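Quick notes on the structure that follows.
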Amino acid sequence: MDKSSNRLSLPASPREFGFYVNGACIPIGSREVFSRNSPGHDVPVTRIPKCTTDDLDMAVDAARAAFDDRRWSGLNGQARAAVLLRTGALIRERSEEIAYFETLENGKPISQARAEVAGCADMFEYASGLARSLHGDSFNNLGDGMFGLVTREPVGVVGIITPWNFPFLILCERVPYILASGCTIVAKPSEVTSATTLILAQILTEAGLPDGCMNVVTGSGSTIGQALIEHPHVDMLSFTGSTAVGRRVVEAAGRTNFKKLGLELGGKNPQIVFADADLEDAADGVAFGIGFNTGQCCVSGSRLVVERSVADAFAQKIQDKFARVVVGDPLNEATQIGAITTDAQNRTIMSYIEKGKAEGAKLICGGEQMDFGRGQYISPTLFGDVTSEMAIAREEIFGPVLAIMPFDSVEEAIMIANDTEYGLAASVWTKNIDKALMVTRRVQAGRFWINTTLSGGPELPLGGFRQSGWGREAGMYGVEEYTQIKSVHIEIGKRTPWIA
Ligand code: NAD
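FYI, the numbering for the sequence shown is 1 to 500, going by UniProt numbering.
In structure tokens:
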């Protein structure tokens, strides 16, 4: 830490990670290496192996053996809960190291990374209770001769594929719930942000998770990711990423073993602001909803659907907020918006900004690459005069770009909000409870916020409607996703004979 500036220092040299199978770290050896540069500083920060498909087979075999011999699913809920609780405590102990690597690889502000890591520890602590309370159902209304049970059984070996925008948070919205259900895991993080997934694997072993229950393979999506989604010994796959790759996951499952799928895909989420909202509060929330994680967030509120009578005044408030937000070095504690995570994403965002201008939207502020001497940064961007057919109104940009779309009535607000192929999240800002509830009921979205945005925790499930995905993660719903249901019919006394 550079005390004078409240800025963490860059590492003197990149940290090398192995991949993780059967409770042990396997060094890079003769494998090719993926070298990651910090997007905020353009210096090498980590070196990770590019696993081969043989490495993947080894990881799946380990997870398969660990599931089949019941070393984890056969434990009682109390024993599984104890491991999850210890994991939460160890995450808290190593939180500074985890937050540091999350910031170095992803470019998010260190203060945000710290808060996310604390939230991840909480996920494990909460899921420990679920490991003990997961249960089935019983039917004693089948007559005196029959008793029925419904049990929940773990699905088996679960593959997890995660993106680069919240490498640790998205992982921890899945792993504790999957482990609570009794399944075993092979995780494949994004090739650009693998470090914290590998740290979690070590922590789980230290917390007492039996060997083979958490395995991590690293490498590109097109090789290792594709092999994982096609793998015949993987029973379920939790995929988080783009809708385009989500489609490949569905195709691969259909072509191979019909593995069960959980899909968390893209979003183009509305922020609906009525004239009777607390407009100061709403402006701050809307700025946060698109600025948080540089807008590289599946639930970013990227469409500002605002009542026309206040639209201009509200746009001015957003502009004022954007002018005051602190953009810059992610290692600086005061930073609120950090770097864009990849070169490709940086180019994508800039190309959408150009498209917005070319299609006739009015650039109100931002829209520029910011120069801090090194790294890649984009200023928070506000577009007015946006119409529903423009690319910036329809497509997921995954950057700090907000499109204003005014409305005149509640019906029109609902219509604009639903005019998308996605359905991940939505927020509504109004002090009129009837309006808030009517909008909440009729807008198609898996997560909803009223007079706030992007809040969350381990209790409430996550997931999308429409092309934003299938299934739910987190909460008890998240544990149940990783189970399958078995119905048991129990005859009491003697059966009525079939053959007299
Ligand atoms: P991506 O789809 O390119 O990659 C996601 C993961 O899939 C990475 O680990 C990648 O290596 C892997 N992958 C790529 N090609 C693959 C293939 N052919 N087979 C198997 N795996 C493959 O997405 P990204 O660019 O890393 O992340 C951005 C996208 O993720 C956005 O669309 C965003 O909305 C979405 N996302 C959704 C949620 C959610 O919860 N709904 C959360 C975060 C991100």
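Just so it is clear, CB atoms sit at the ideal spot from N, CA and C, and this is done for glycine as well.
Here the structure is a predicted model, which is why all the values come from computation and not from measurement.
**Message:** So, for E16: in the same chain, excluding its five sequence neighbours on each side, which residues have a beta-carbon less than 6 Å away from its beta-carbon?
**Reply:** Counting from 1 along the sequence shown, the entry for residue 16 is found at position 16. Contacts found: R47.
**Asked** Which ranges does the beta strand (DSSP E) cover as unbroken runs of at least 3 residues, wholly within the region 142–200, from first to last along the chain?
**Response** DSSP runs (the beta strand (DSSP E)) wholly in the region 142–200: 146–154, 157–161 and 184–188.
**Request:** Look at the Cβ atom of M123, then the Cβ atom of P461, and state whether they are nearer than 7 Å.
**Result:** Stepping through the sequence shown from its first residue, residue 123 is reached at position 123. Stepping through the sequence shown from its first residue, residue 461 is reached at position 461. Cβ atoms of M123 and P461: not closer than 7 Å.
**Message:** Measuring alpha carbon to alpha carbon, tell me which residue in L454, L209 and Y20 is nearest residue 575.
**Reply:** This structure cannot speak to residue 575, because the chain is shown only from 1 to 500.
**Message:** Give me, in chain order, the residues of the same chain whose beta-carbon lies closer than 7 Å to that of A417; leave out the 5 immediate sequence neighbours on both sides.
**Reply:** Your numbering for residue 417 matches position 417 in the sequence shown. Hits under 7 Å: P270, I272, V305, A426 and V443.
**Request:** Tell me, please, which residues DSSP counts as bridged to residue 521.
**Result:** The requested residue 521 does not occur in the structure, where the chain is confined to residues 1 to 500.
**Message:** For I485, report the span of its beta strand (DSSP E) as first-last.
**Reply:** Looking up residue 485 in the sequence shown gives position 485. Per DSSP, I485 belongs to the beta strand (DSSP E) from T483 to E491.
**Item:** Distance between Y422 and S468 (C-alpha atoms, nearest Å)
**Value:** Here residue 468 corresponds to residue number 468 of the sequence shown, with the count starting at 1. Here residue 422 corresponds to residue number 422 of the sequence shown, with the count starting at 1. The straight-line gap from Cα to Cα measures roughly 5 Å.
**Prompt:** Of the choices G129, G295, R94 and A287, whose alpha-carbon is the least far from that of K317?
**Reply:** Within the sequence shown, the letter at position 317 stands for residue 317. It is A287.
**Request:** Using three-state DSSP, classify Q376 as helix, strand or coil.
**Result:** Reading the sequence shown from its first residue, position 376 is the one you call residue 376. When secondary structure is reduced to three states using DSSP, Q376 falls in the coil class, being assigned neither helix nor strand.
**Asked** Quick one: complete beta strand (DSSP E) runs, 3+ long, within the region 295–355?
**Response** Counting only runs of 3 or more, we get 303–307.
**Message:** Check for me: the alpha helix (DSSP H) holding G219 runs from which residue to which?
**Reply:** Sequence index remark: in the sequence shown, residue 219 carries index 219 (1-based). Neither: G219 is in no alpha helix (DSSP H) and is coded neither H nor E.
**Item:** V33 - containing beta strand (DSSP E), residue span
**Value:** Counting from 1 along the sequence shown, the entry for residue 33 is found at position 33. Element bounds for V33: V33 to N37.
**Message:** Would A187 and T197 be called neighbours here (beta carbons separated by less than 7 Å)?
**Reply:** Indexing the sequence shown from 1 puts residue 187 at position 187. Indexing the sequence shown from 1 puts residue 197 at position 197. Going by C-beta atoms, A187 is nearer than 7 Å to T197.
**Prompt:** Enumerated in chain order, which unbroken segments of the alpha helix (DSSP H) with a length of 4 residues or greater are wholly contained in the region 370–424?
**Reply:** Listed in chain order, the complete alpha helix (DSSP H) runs (minimum 4 residues) inside the region 370–424 are 391–394 and 410–418.
**Message:** Taking a contact to mean a Cβ-Cβ separation below 7 Å, would you say M236 touches K268 in this structure?
**Reply:** Along the sequence shown, read from residue 1 onward, the residue named residue 236 stands at position 236. Along the sequence shown, read from residue 1 onward, the residue named residue 268 stands at position 268. If you check the CB distance, M236 and K268 do not come in under 7 Å.
**Asked** Which partner residues does M214 have in the DSSP bridge list?
**Response** Within the sequence shown, residue 214 is the residue found at index 214, counting from 1. Paired residues: I185.
**Prompt:** Under a three-way DSSP split, which group does E116 fall into?
**Reply:** Locating residue 116 in the sequence shown gives position 116, counting from the first residue. Note: E116 maps to helix in three-state DSSP.
**Message:** In the DSSP output, what is S138 paired with across the bridge?
**Reply:** In the sequence shown, the residue the question calls residue 138 occupies position 138. Paired residue(s): L149.
**Request:** Keeping to the same chain, check which residues put their C-beta closer than 8 Å to that of A313; ignore five residues upstream and five downstream.
**Result:** Numbered from its first residue, the sequence shown carries residue 313 at position 313. If we look at A313 and ignore the five residues flanking it on each side, its Cβ neighbours are L279.
**Request:** Ignore the nearest five residues each way along the sequence and tell me which others in I414's own chain have a CB closer than 7 Å to its CB.
**Result:** As a first step, residue 414 must be located in the sequence shown, where it is residue number 414. The beta carbon of I414 is closer than 7 Å to those of V439, R442 and V443 in its chain, skipping five residues each way along the sequence.
**Asked** By DSSP, does I28 sit in helix, in strand, or in coil?
**Response** On the sequence shown, residue 28 is found 28 positions in, with the first residue counted as 1. Taken through DSSP and simplified to helix, strand or coil, I28 comes out as coil.
**Item:** Reduced DSSP category for L130 - H, G, I as helix; E, B as strand; rest coil
**Value:** On the sequence shown, position 130 is the one that residue 130 refers to. In the displayed model, L130 falls within a helix according to three-state DSSP.
**Request:** Take G295 as the anchor and find which of L142, A500 and F322 has the nearest alpha-carbon.
**Result:** For this step, residue 295 is matched to residue 295 along the sequence shown. Answer by Cα proximity: F322.
**Request:** Would you mind listing the alpha helix (DSSP H) stretches within the region 64–108 that are 4+ residues and don't spill past its ends, in chain order?
**Result:** For the region 64–108, the full-length alpha helix (DSSP H) segments reaching 4 residues or more read 77–93 and 95–106 along the chain.
**Prompt:** Quick one: any contact between the region 80–91 and the region 135–142, if contact means 3 or more CB pairs under 8 Å?
**Reply:** Contact annotation: the region 80–91 does not touch the region 135–142, with fewer than three C-beta pairs closer than 8 Å.
**Enclosing alpha helix (DSSP H) for L437 [first to last residue]** = Within the sequence shown, residue 437 is the residue found at index 437, counting from 1. Its alpha helix (DSSP H) spans residues I433 to R442.
**Request:** Go through its chain and collect everything with a Cβ distance to K3's Cβ below 7 Å, but skip five positions before and after it.
**Result:** Walking along the sequence shown from the start, residue 3 turns up at place 3. Unreliable positioning characterises K3 in this predicted model, as indicated by a pLDDT of 44, which lies under 50. A coordinate reading is not provided.
**Prompt:** For the candidate residues A79, V45 and I224, whose alpha-carbon lies nearest to that of V60?
**Reply:** Position 60 of the sequence shown, counted from the first residue, corresponds to residue 60. Checking every option, the nearest Cα to that of V60 belongs to I224.
**Asked** In terms of residues, what are the limits of the beta strand (DSSP E) holding R447?
**Response** Along the sequence shown, one-based indexing puts residue 447 at 447. Counting along the chain, R447 sits inside the beta strand (DSSP E) bounded by residues R447 to I450.
**Message:** For the pair the region 351–365 and the region 383–395, tell me if three or more CB-CB distances fall below 8 Å.
**Reply:** These segments touch.
**Request:** Kindly indicate which residue of V234, Q112, P27 and P49 has the alpha-carbon position closest to the one of A62.
**Result:** Your numbering for residue 62 matches position 62 in the sequence shown. Relative to A62, the option among V234, Q112, P27 and P49 whose CA is nearest is V234.
**Item:** Run of the alpha helix (DSSP H) containing T243, from where it starts to where it stops
**Value:** Translated into the one-based positions of the sequence shown, residue 243 becomes position 243. Start and end: T243 to R255.
**Asked** So, are the CB atoms of R174 and E412 less than 7 Å apart?
**Response** Reading the sequence shown from its first residue, position 174 is the one you call residue 174. Reading the sequence shown from its first residue, position 412 is the one you call residue 412. In this structure, the beta-carbon distance from R174 to E412 does not fall below 7 Å.
**Message:** If you reduce the DSSP assignment to three classes, tell me which class P497 lands in.
**Reply:** Stepping through the sequence shown from its first residue, residue 497 is reached at position 497. In this structure, P497 counts as coil in the three-state DSSP scheme.
**Asked** How long is the line joining the alpha carbons of I160 and A275, rounded to whole angstroms?
**Response** Residue numbering aside, residue 160 sits at position 160 when the sequence shown is read from its first letter. Residue numbering aside, residue 275 sits at position 275 when the sequence shown is read from its first letter. Straight through space, the alpha carbons of A275 and I160 are spaced by roughly 43 Å.
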